[in-house]
Amino acid sequence: MEAHQSEHLHQMVKHCRSNIPYYQQQFAEYGLHENDITATEHITRLPILKKQTLREHSELFQQPGVKPFTVQHTSGSTGTPLALMVNEQTYKLAMTLLVEHEEHHGVPFGAKRATFAGRMVQPASNMAPPFARMNWAENQKLFSSYHLNSQTFPWYRAELDRFQPAELIGYPSAICDLAAQYREAGVTPAFRPQAIVTNSETLLAWQRAIIEEVFDCKVSDYYGTAEYVLFAGQSKDGIYRLNPIIGITELQLQSDDQVAGRLIATSLTNTTMPLLRYDLGDTAEKPTESQSGALVQQLETISGRADDYIATSDNRKIGRIDHIFKGVEGIREAQVVQIKRGTATVRIVKSETANFMKESLIENISMRLGTDFQINIEFVDSIPRGKNGKFRSVVRIYE
4 MEAHQSEHLH QMVKHCRSNI PYYQQQFAEY GLHENDITAT EHITRLPILK
54 KQTLREHSEL FQQPGVKPFT VQHTSGSTGT PLALMVNEQT YKLAMTLLVE
104 HEEHHGVPFG AKRATFAGRM VQPASNMAPP FARMNWAENQ KLFSSYHLNS
154 QTFPWYRAEL DRFQPAELIG YPSAICDLAA QYREAGVTPA FRPQAIVTNS
204 ETLLAWQRAI IEEVFDCKVS DYYGTAEYVL FAGQSKDGIY RLNPIIGITE
254 LQLQSDDQVA GRLIATSLTN TTMPLLRYDL GDTAEKPTES QSGALVQQLE
304 TISGRADDYI ATSDNRKIGR IDHIFKGVEG IREAQVVQIK RGTATVRIVK
354 SETANFMKES LIENISMRLG TDFQINIEFV DSIPRGKNGK FRSVVRIYE
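Its first residue numbered 4, the sequence shown is counted upward by one per residue in this note's numbering.
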């Protein structure tokens with residue numbers, strides 16, 4: 004694996020120095036040559052690439068005169084559009100790695116899949132069924148996550164019972180919402196998935212608990228990116244294994260932490276728009292017993308966006324905020340909104356099957372954020388999703 008990655012890293016650096024305008028400028032400025040990068044350990048000789056740089060100069064990262072196999076459009080965390088050019092090898096490899104992940108967890112290629120993600124299916128204002136459509140090529144039924152509520156749930160339940168999917172796959176928030184509908188209706192699914200695969204959002208501990216309880220099936224998360232620079236799937240032991248073919252991954256540790264840091268990734272395959280030492284803007288933790296050094300082959304947890312933290316009054320930045328909901332019953336969905344340091348609003352959609360444990364939530368917040376942290380609890384009927392249908396557990400609207 005080391006030899007494979009070293010060889011392909013060297014070839015990618017050579018390609019960038021010869022064909023990619025941005026890196027031609029960078030390598031000249033830093034005095035770098037592909038012969039300076041002949042092993043994975045040499046990767047730190049390259050500068051880190053920030054997302055803002057890619058957004059502002061995306062045309063400089065494209066190989067002139069080469070038509071991409073596909074273009075991945077993403078709005079990203081800032082809402083600024085970005086078109087990512089992908090070659091055929093990289094796109095097909097990414098799709099293959101997903102199939103491999105599903106088969107690892109017992110779902111063969113071509114088995115029935117029910118997907119709950121960002122597909123609209125029909126306008127959100129049209130609340131008349133059907134709320135799903137069939138992708139016959141992949142034996143996949145695409146369900147709208149925009150139309151699911153207590154009134155439409157009977158239709159979803161009947162359709163899932165009829166379809167009998169071997170796998171549920173999609174956003175954690177959407178599948179958790181589906182599980183909550185079953186729990187609050189007091190009914191049990193009439194199908195038993197062999198695997199539940201989540202992606203595209205950070206899988207929160209309380210979401211996992213609800214999903215696994217209702218469907219009696221373990222959740223197997225995976226982490227990929229729109230830039231196609233890495234793929235990490237959870238194995239049966241819960242550890243995220245990074246695929247060594249699609250890219251090299253580093254964990255830039257925080258100064259006061261030995262296991263947590265920012266994810267830095269380098270593509271080994273996408274020659275059409277290569278990204279070297281790209282700061283994904285996400286954070287992760289490696290297993291405490293794993294090897295030392297920045298390069299990683301496995302991760303314990305992936306926490307999502309680096310700016311998904313809560314700031315205390317003394318400006319400590321606390322991540323993994325979903326722990327405040329541990330052991331707190333009566334919550335169907337929750338989101339933390341912070342507009343200034345030292346205080347936050349917790350938006351809560353209450354469960355209909357259990358009493359909300361307010362005191363437990365406040366106690367958890369005090370333990371993790373300090374007794375001086377001010378909290379306001381706001382009960383809402385629903386928590387809005389972003390334009391792409393994704394759910395954010397933390398919304399911080401100040402710098």
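The beta carbon of each residue, even a glycine, is placed where N, CA and C say it ideally should be.
Practice item. Please list, in chain order, all residues of the same chain as residue 120 whose beta carbon is under 6 Å from its beta carbon, the five residues on each side excluded. Key: Locating residue 120 in the sequence shown gives position 117, where the first residue counts as 1. For residue 120, where only same-chain residues beyond five positions count, the Cβ hits under 6 Å are 173 and 174.
Check your understanding: What does a CB cutoff of less than 6 Å around residue 389 pick up in its chain, not counting 5 residues either side in sequence?
Key -> One-based indexing of the sequence shown puts residue 389 at position 386. The answer is none, since no qualifying residue turns up.
Review point. Do you know how far the Cα of residue 134 is from the Cα of residue 179?
Key: As a working mapping, residue 179 is identified with position 176 in the sequence shown. As a working mapping, residue 134 is identified with position 131 in the sequence shown. In a straight line, the C-alpha of residue 179 is about 17 Å away from that of residue 134.
**Study point:** Rounded straight-line distance, which links the Cα of residue 59 to that of residue 123
**Key:** To locate residue 123, count along the sequence shown from 1; it is residue 120. To locate residue 59, count along the sequence shown from 1; it is residue 56. Taking the straight line from one Cα to the other gives about 30 Å.
Check your understanding: If we call anything under 8 Å between Cβ atoms a contact, is residue 301 one with residue 346?
Key -> The residue you call residue 301 lines up with position 298 of the sequence shown. The residue you call residue 346 lines up with position 343 of the sequence shown. No; because the gap between Cβ atoms is not below 8 Å, this pair is not in contact.
**Study point:** Nearest-angstrom Cα separation, counted from residue 216 out to residue 235
**Key:** For the purposes of this step, residue 235 is taken as residue 232 along the sequence shown, with counting starting at 1. For the purposes of this step, residue 216 is taken as residue 213 along the sequence shown, with counting starting at 1. The alpha-carbon atoms of residue 235 and residue 216 are separated by roughly 25 Å.
Review point. Taking DSSP as the reference, what is the three-state secondary structure of residue 38?
Key: On the sequence shown, position 35 is the one that residue 38 refers to. It is helical.
Exercise for review: Would you mind reading off the limits of the beta strand (DSSP E) that contains residue 336?
Suggested key: Reading the sequence shown from its first residue, position 333 is the one you call residue 336. Segment 334-343, the beta strand (DSSP E) holding residue 336.
Point to revise | Identified DSSP bridge partners for residue 135 | key: On the sequence shown, residue 135 is found 132 positions in, with the first residue counted as 1. Answer by DSSP bridge pairing, in chain order: 146.
Review point. Once you ignore the five residues that flank residue 344 on each side, which residues in its own chain have a CB closer than 7 Å to its CB?
Key: On the sequence shown, residue 344 is found 341 positions in, with the first residue counted as 1. Contacts found: 314, 315, 316 and 318.
Exercise for review: Give me the Cα-Cα distance between residue 254 and residue 265, rounded to the nearest whole angstrom.
Suggested key: Residue numbering aside, residue 254 sits at position 251 when the sequence shown is read from its first letter. Residue numbering aside, residue 265 sits at position 262 when the sequence shown is read from its first letter. Using only the alpha carbons, I get a separation of about 6 Å.
Check your understanding: Of all the alpha helix (DSSP H) runs that stay within the bounds of the segment 50-124, which reach a length of 4 or more residues?
Key -> 54-59 and 91-107
Practice item. Return the chain-ordered list of same chain residues with a C-beta closer than 7 Å to the C-beta of residue 92, the five sequence neighbours on each side being excluded. Key: In the sequence shown, residue 92 corresponds to position 89, counting from 1. Around residue 92: 272.
Check your understanding: Helix, strand or coil for residue 350 per DSSP?
Key -> The sequence position of residue 350 within the sequence shown is 347, counting from 1. Strand at residue 350.
Practice item. Tell me residue 269's beta-bridge partners as DSSP assigns them. Key: Along the sequence shown, read from residue 1 onward, the residue named residue 269 stands at position 266. 251, per the DSSP bridge assignment.
Check your understanding: In chain order, what residues of the same chain lie with their CB nearer than 7 Å to the CB of residue 355, ignoring the 5 residues before and after it?
Key -> By 1-based counting over the sequence shown, the position of residue 355 is 352. These residues qualify, in order along the chain: 187.
Review point. Does the distance from the CB of residue 9 to the CB of residue 42 come in under 8 Å?
Key: Here the question's residue 9 lines up with position 6 in the sequence shown. Here the question's residue 42 lines up with position 39 in the sequence shown. A contact, by the Cβ cut-off of 8 Å.
Review point. If you draw a straight line from the C-alpha of residue 44 to the C-alpha of residue 221, how long is it?
Key: The residue given as residue 44 occupies position 41 in the sequence shown. The residue given as residue 221 occupies position 218 in the sequence shown. For residue 44 and residue 221, the distance between alpha carbons rounds to 36 Å.
Review point. Quick one: does the C-beta of residue 331 sit closer than 7 Å to a heavy atom of the ligand COA?
Key: The ligand COA is absent from the structure shown, which contains no ligand whatsoever.
Point to revise | Under 8 Å between C-beta atoms of residue 200 and residue 176 | key: Indexing the sequence shown from 1 puts residue 200 at position 197. Indexing the sequence shown from 1 puts residue 176 at position 173. No; because the gap between Cβ atoms is not below 8 Å, this pair is not in contact.
Review point. According to DSSP, what are the bridge partners of residue 243?
Key: For the purposes of this step, residue 243 is taken as the residue at position 240 of the sequence shown. Note: residue 243 sits in a beta bridge opposite 237 and 302.
Practice item. Please determine if the segment 191-206 and the segment 131-145 are in contact, where contact requires at least 3 C-beta pairs separated by less than 8 Å. Key: no
Point to revise | Boundaries (first-last residue) of the alpha helix (DSSP H) holding residue 26 | key: Counted from its first residue, the sequence shown places residue 26 at position 23. Looking at the DSSP string, the run of the alpha helix (DSSP H) that includes residue 26 is 24-33.
Check your understanding: Taking Cβ to Cβ, would you say residue 54 is nearer than 8 Å to residue 282?
Key -> In the sequence shown, residue 54 corresponds to position 51, counting from 1. In the sequence shown, residue 282 corresponds to position 279, counting from 1. Contact: yes.
Review point. Going by DSSP, which residues form a beta bridge with residue 377?
Key: Locating residue 377 in the sequence shown gives position 374, where the first residue counts as 1. Paired residue(s): 346.
Review point. Is the Cβ-Cβ distance between residue 205 and residue 233 less than 8 Å?
Key: The residue labelled residue 205 in the question sits at position 202 within the sequence shown. The residue labelled residue 233 in the question sits at position 230 within the sequence shown. Cβ atoms of residue 205 and residue 233: not closer than 8 Å.
Check your understanding: CB residue 117 to CB residue 168, shorter than 8 Å?
Key -> Sequence index remark: in the sequence shown, residue 117 carries index 114 (1-based). Sequence index remark: in the sequence shown, residue 168 carries index 165 (1-based). Contact flag set, yes.
Review point. Which of the three DSSP states, helix, strand or coil, is assigned to residue 172?
Key: Looking up residue 172 in the sequence shown gives position 169. Strand at residue 172.
Check your understanding: Which value, in whole angstroms, describes the spacing of the CA atoms of residue 6 and residue 202?
Key -> For this step, residue 6 is matched to residue 3 along the sequence shown. For this step, residue 202 is matched to residue 199 along the sequence shown. Each residue's Cα considered, the two are about 30 Å apart.
**Study point:** Euclidean distance between Cα positions of residue 303 and residue 108
**Key:** Numbered from its first residue, the sequence shown carries residue 303 at position 300. Numbered from its first residue, the sequence shown carries residue 108 at position 105. If I take the Cα positions, the gap works out to 18 Å.
**Study point:** Per-residue burial, residue 165 [other beta carbons within 10 Å of its own, 16 or more giving buried]
**Key:** Translated into the one-based positions of the sequence shown, residue 165 becomes position 162. Looking at its Cβ environment, which holds fewer than 16 other Cβ atoms inside 10 Å, residue 165 is exposed.
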